[in-house]
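Taken in order, these protein sequences are the chains called A and B. Quick note, the first sequence lines up with residues 607 to 827 if you use this note's numbering. Quick note, the second sequence lines up with residues 830 to 908 if you use this note's numbering.
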Amino acid sequence: MREPPELPPDGELVARLRSSDDAAFALVLDAWSGGMARVARSIVSTHASADEVVQDAWLAVVQGIGRFEGRSSLKTWVYRILVNAAKRRALREGRQVSWSPVAGEDDTPTVDPARFGGPGDRFPGHWLAFPAPWPSPEQDMLAGEVQAQVEAALAELPARQRVVITLRDVEGYGADEVSSILETSAANQRVLLHRARAFVRGKLDEYFAASTSDAGTEVSP
Amino acid sequence: MTDLNCDELVELVTDYLDGALDDETGHRVADHLAGCDGCTTYVDQVRQTIATLGSSPPDVELTDEARNALLAAFRRPPG
Numbered sequence: 607m608r609e610p611p612e613l614p615p616d617g618e619l620v621a622r623l624r625s626s627d628d629a630a631f632a633l634v635l636d637a638w639s640g641g642m643a644r645v646a647r648s649i650v651s652t653h654a655s656a657d658e659v660v661q662d663a664w665l666a667v668v669q670g671i672g673r674f675e676g677r678s679s680l681k682t683w684v685y686r687i688l689v690n691a692a693k694r695r696a697l698r699e700g701r702q703v704s705w706s707p708v709a710g711e712d713d714t715p716t717v718d719p720a721r722f723g724g725p726g727d728r729f730p731g732h733w734l735a736f737p738a739p740w741p742s743p744e745q746d747m748l749a750g751e752v753q754a755q756v757e758a759a760l761a762e763l764p765a766r767q768r769v770v771i772t773l774r775d776v777e778g779y780g781a782d783e784v785s786s787i788l789e790t791s792a793a794n795q796r797v798l799l800h801r802a803r804a805f806v807r808g809k810l811d812e813y814f815a816a817s818t819s820d821a822g823t824e825v826s827p
Numbered sequence: 830m831t832d833l834n835c836d837e838l839v840e841l842v843t844d845y846l847d848g849a850l851d852d853e854t855g856h857r858v859a860d861h862l863a864g865c866d867g868c869t870t871y872v873d874q875v876r877q878t879i880a881t882l883g884s885s886p887p888d889v890e891l892t893d894e895a896r897n898a899l900l901a902a903f904r905r906p907p908g
């Protein structure tokens with residue numbers, strides 16, 4: 607989780623933005639645009655359109671700051687504007703996105719059932735072979751490569767899962783804030799987060815299994 | 830109170846880490862983890878996945894051109 611640069615409290619920030627204090631606007635632009643671009647990229651198709659979505663969102667913030675009611679934090683409100691701008695952009699790109707789980711997302715296994723014992727096995731429902739341990743972060747000399755694996759895994763996710771895991775785990779928002787940004791229930795965002803995390807973990811597991819099997823480590827029986 | 834199977838536990842991990850399980854189910858998860866090395870490894874790997882996601886390098890900032898255009902728009906809002 608990245609900590610944003612120190613910003614004044616919301617009340618002060620909003621008052622300064624409303625009185626056209628451009629130093630205050632520069633502060634939030636510099637603090638939030640990077641994270642906003644990442645969230646936008648989880649929804650729209652290209653870096654270029656994500657950058658445009660971020661700019662559109664800021665223009666909407668400039669125009670709408672007088673209507674901000676303070677029922678959420680300023681940042682949550684800005685992110686909600688961003689997510690809605692990205693959603694409209696995706697629609698223009700021909701993709702309908704929604705933040706509700708689709709059929710199967712909340713009731714099908716996230717781990718391959720073949721990893722667990724079946725009815726005829728000695729321990730039905732239990733690991734046939736335990737997950738192979740991963741190298742500890744200190745041992746791992748290839749942190750950059752691990753990050754690349756994570757990026758590739760995120761790119762494979764459907765937008766609804768990717769936006770949730772980006773907000774929760776990359777940007778570090780809590781469940782309630784993500785519900786508020788996406789205007790969906792805490793349960794819905796958690797279903798999407800659960801699948802997304804299991805998928806990314808699975809990709810890392812495949813990656814570590816492949817990179818340690820060269821050293822003769824047993825991967826599975 | 831029945832024991833959880835491993836294939837049930839792996840589907841409760843996200844609710845468990847969010848503190849979103851009811852007390853009874855939370856205790857069943859904790860009891861299972863106390864006795865199951867496989868699931869303990871699994872949950873550790875989910876935690877490691879979250880940590881890796883959280884340490885992704887910062888994203889590119891606005892270009893100077895975009896930043897200047899937005900500051901200009903802020904100085905003279907429409908209407």
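Every residue, glycine too, gets a C-beta built ideally from N, C-alpha and C. These numbers were taken from a predicted model, which means no experiment stands behind them.
Scanning A:Thr716, A:Gln661 and A:Arg774 for the CA closest to the CA of Ala895 (chain B) turns up A:Gln661. The closest CA to that of Val668 (chain A), considering only A:Ser678, A:Gly731 and A:Arg624, is found on A:Arg624. Setting aside the 5 residues that flank it on each side, Ser704 (chain A) is surrounded in the same chain by Arg766, each with a C-beta closer than 8 Å to its C-beta; the list follows chain order.
Distances from the alpha-carbon of Glu890 (chain B) to those of A:Ala632, A:Trp683 and A:Gly731 put A:Ala632 closest. Look at the segment 610-642 of chain A: the residues with a C-beta under 8 Å from a C-beta of chain B are Ser626, Asp628, Phe631, Ala632, Leu635, Asp636, Ser639, Gly640 and Gly641.
For Trp740 (chain A), there is no enclosing alpha helix (DSSP H), as DSSP marks it with neither H nor E.
Taking 7 Å as the cut-off between beta carbons, none of the residues of the segment 682-707 of chain A comes near chain B. In this structure, Val645 (chain A) places its C-beta atom within 8 Å of the C-beta atom of Leu688 (chain A).
Here Ala802 (chain A) is actually not in contact with Leu773 (chain A); their C-beta atoms are around 11 Å apart, not less than 8 Å.
Counting along the chain, no alpha helix (DSSP H) covers Thr892 (chain B), and no H or E run does either. Taking C-beta separations shorter than 8 Å and ignoring five residues to either side along the sequence, the partners of Val650 (chain A) in its chain run Ala656, Val659, Ala692, Arg695, Ala696 and Glu699, following chain order.
The CB of Arg896 (chain B) comes closer than 7 Å to the CB of Leu635 in chain A, given here in chain order. When Cβ-Cβ separations below 8 Å define contact, Ile771 (chain A) makes contact with chain B. Listed along chain A, the residues sitting closer than 7 Å to Gly867 (chain B) by beta-carbon distance are Trp733, Phe736 and Pro737.
By the Cβ rule, the segment 726-740 of chain A does not count as touching the segment 674-685 of chain A, because fewer than three pairs are nearer than 8 Å. Collapsing the DSSP output to three states places Gly723 (chain A) in a strand.
Residues of chain A with a Cβ closer than 7 Å to the Cβ of Ala902 (chain B) are, in chain order, Leu665 and Val668. Gln877 (chain B) and His800 (chain A) have their alpha carbons spaced roughly 14 Å apart.
Around Val784 (chain A), no beta-carbon contact reaches into chain B at under 8 Å, the shortest distance being about 11 Å.
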